[in-house]
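In terms of full-length UniProt numbering, the sequence shown opens at residue 3 and continues consecutively.
Glycine included, each C-beta is placed from N, C-alpha and C at the ideal position.
Since this is a predicted model, take the numbers as computed values, not measurements.
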Amino acid sequence: RPKVFVARRIPDEGLNAIAAACDIDVWPGQLPPPPDELRARVADCDGLVSLLTDRVDAALLAAAPRLKVVSNFAVGFNNVDVPACTARGVPVGNTPGALTDATADIAVTLLLAAARRISESAGDARAGRWLTWEPLGWLGQDLAGRTLGIVGMGRIGFATAKRLHGGWGMKVLYTARGPKADADRELGATHVDLDELLARSDYVSVHADLNPTTKGLFGAAQFAKMKRTAVFVNTSRGPLVDQAALAQALRSGTVFAAGLDVTDPEPLPPDHELYGLPNCLIVPHIASATIDTRNAMARLCANNLLAGVRGEPLPNCVNPEARKQ
Ligand code: 8YV
């Protein structure tokens, strides 16, 4: 039977499907295995289930001569050195689709909560600072009919825009490698460049993947181009944002508020300056954290893993060219 290392406990549906066909070693810790432990555990493995906290790089591949597949329990795969896997002929699987709705739900939740100052006002109520009804207290931003800028109109960007266009009648602008016919047709959306999107949007929601061209995409210059009333939401990857620049923009009123599901680093240390800003709402990378979504991710992850150890094409593969190596 093939040997598989699973780098953290994932839902039973996935573990049971893998265990039915493979000998399975599941890392028992709540925290990820340290890199040297990960290398030791995969030394005689045919398959690896990794998470975004596990770095899959050339050193790990060198330590795992039998490895036939890396199945990443995520749609994003910036933790994996894909070219190194391809060069070794190791296919890399991911879980697209399974977390689209859950992630779009969190993007909308953060957008609404940041616009209406929910975290700040709830904290004030709890702390005894609700002294009276204030005509000018906790004033936020309206949503109806405003303009939404989607940075990266993929599956999750589309699902987010669909909610806000359908529910709040928002006009949709977006960036993408090119125009997207379904977004234009179904949402009346308009493909623009980033500068135009920043200048015209009341809400900016980031859904681009992390790669060398998107790292640091949002810095001081980008925040300066946004409206002072704008709300910034990131559910993609933390390193797309220069956090010092974001903190300065929030502190100085260059932008109105931010809602973040992702940060750099993760976890964000408790003394980080962003936590001290009342107009910054941070949740700990929970976009896919629903029972059904994590079960669906586990099923896709197991299917990729099992196909890989059998030498079959993965149902969801980010480097199909790896099989030709
Ligand atoms: C996952 C994510 O839960 O799928 C992704 O890319 O960012 C998350 O929502 C996480 O990556 C699990 O490893």
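Practice item. When you get a sec, list the residues whose CB is within less than 6 Å of any heavy atom of ligand 1, chain order please. Key: The set, ordered by position in the chain, is LEU53, LEU54, PHE75, ALA76, VAL77, GLY78, LEU101, ALA289 and SER290.
Review point. Name the DSSP bridge partner or partners of ALA232?
Key: DSSP lists no partner for ALA232.
Check your understanding: Quick one: is ARG179 buried, meaning 16 or more other Cβ sit within 10 Å of its Cβ, or exposed?
Key -> It counts as exposed.
Point to revise | Nearest candidate by alpha-carbon position, reference THR162, set ALA185, ARG296, LYS70 and ALA249 | key: Considering only alpha carbons, the answer is ALA185.
Review point. Which value, in whole angstroms, describes the spacing of the CA atoms of ILE120 and ALA89?
Key: Looking at the two C-alpha atoms, the distance is approximately 48 Å.
Point to revise | Segment contact flag, the region 101-120 with the region 251-269, C-beta cutoff 8 Å, min 3 pairs | key: Judged by Cβ distances under 8 Å, the region 101-120 makes contact with the region 251-269, as three or more pairs qualify.
Review point. CB-CB under 7 Å to ALA45, same chain, minus the five flanking residues each way: which ones, in chain order?
Key: ALA65 and ALA66, listed in sequence order.
Review point. What are the boundary residues of the beta strand (DSSP E) that ASP27 is part of?
Key: First-last of the beta strand (DSSP E) with ASP27: 25-28.
Practice item. State the CB to CB distance for the pair LEU217 and LEU242, rounded to an integer number of angstroms; the pair is presumed to be in contact (CB under 8 Å). Key: In the sequence under discussion, the amino acid at residue 217 is Lys, which differs from the Leu named in the question. Indeed, because the Cβ distance is near 7 Å, the residues count as touching under 8 Å.
Check your understanding: To the nearest angstrom, how far is it from the Cα of THR111 to the Cα of ALA104?
Key -> Near 10 Å, if we compare the C-alpha coordinates of ALA104 and THR111.
Exercise for review: Identify which residue in LEU50, SER73 and ASP38 has its Cα closest to the Cα of ALA61.
Suggested key: Nearest of LEU50, SER73 and ASP38 to ALA61, Cα basis: ASP38.
Review point. Can you give the Cα-Cα distance for ILE158 and THR102, rounded to whole angstroms?
Key: Roughly 5 Å between the two C-alpha positions.
Review point. Opposite GLY261 in the DSSP bridges: which residues?
Key: When DSSP reads this structure, GLY261 sits in a beta bridge with VAL235 and LEU283.
Review point. Going by beta carbon distance, what residues of the same chain come within less than 7 Å of ALA96, once the five residues before and after it are set aside?
Key: The sequence given here has Asn at residue 96, not Ala. Closer than 7 Å at Cβ, skipping near neighbours: ASN74, ALA76, VAL77, PHE79, ASN318 and VAL320.
Review point. Can you tell me whether ASN213 is buried or exposed, with buried defined as 16 or more other CB within 10 angstroms of its CB?
Key: Burial check for ASN213: the Cβ neighbour count within 10 Å stays below 16, so the residue is exposed.
Exercise for review: Return the CA-CA distance between GLU314 and ARG253, expressed in angstroms with no decimal places.
Suggested key: In a straight line, the C-alpha of GLU314 is about 53 Å away from that of ARG253.
Exercise for review: Quick one: give me the first and last residue of the beta strand (DSSP E) that VAL51 is part of.
Suggested key: For VAL51, the uninterrupted beta strand (DSSP E) run begins and ends at 49-52, by DSSP.
Exercise for review: State the DSSP-derived secondary structure class of PRO152, mapped to helix, strand or coil.
Suggested key: Here residue 152 is Ile; the residue named in the question, Pro, does not match the sequence. Residue state, collapsed to three classes: strand.
Check your understanding: Any idea which residues DSSP pairs LYS227 with across the strands?
Key -> DSSP output for LYS227 lists no bridge partner at all.
Practice item. Taking HIS193 as the reference, give the member of LEU150, ALA21 and PRO13 with the closest Cα. Key: The candidate whose alpha carbon is nearest that of HIS193 is LEU150.
Check your understanding: With a CB to CB cut of under 8 Å and the five nearest residues on each side skipped, what residues in its chain are close to CYS87?
Key -> For CYS87, same chain residues with a beta-carbon under 8 Å away, outside a window of 5 residues either side, are VAL58, LEU63, VAL72, PRO93, VAL94, ASN321 and ALA324 in chain order.
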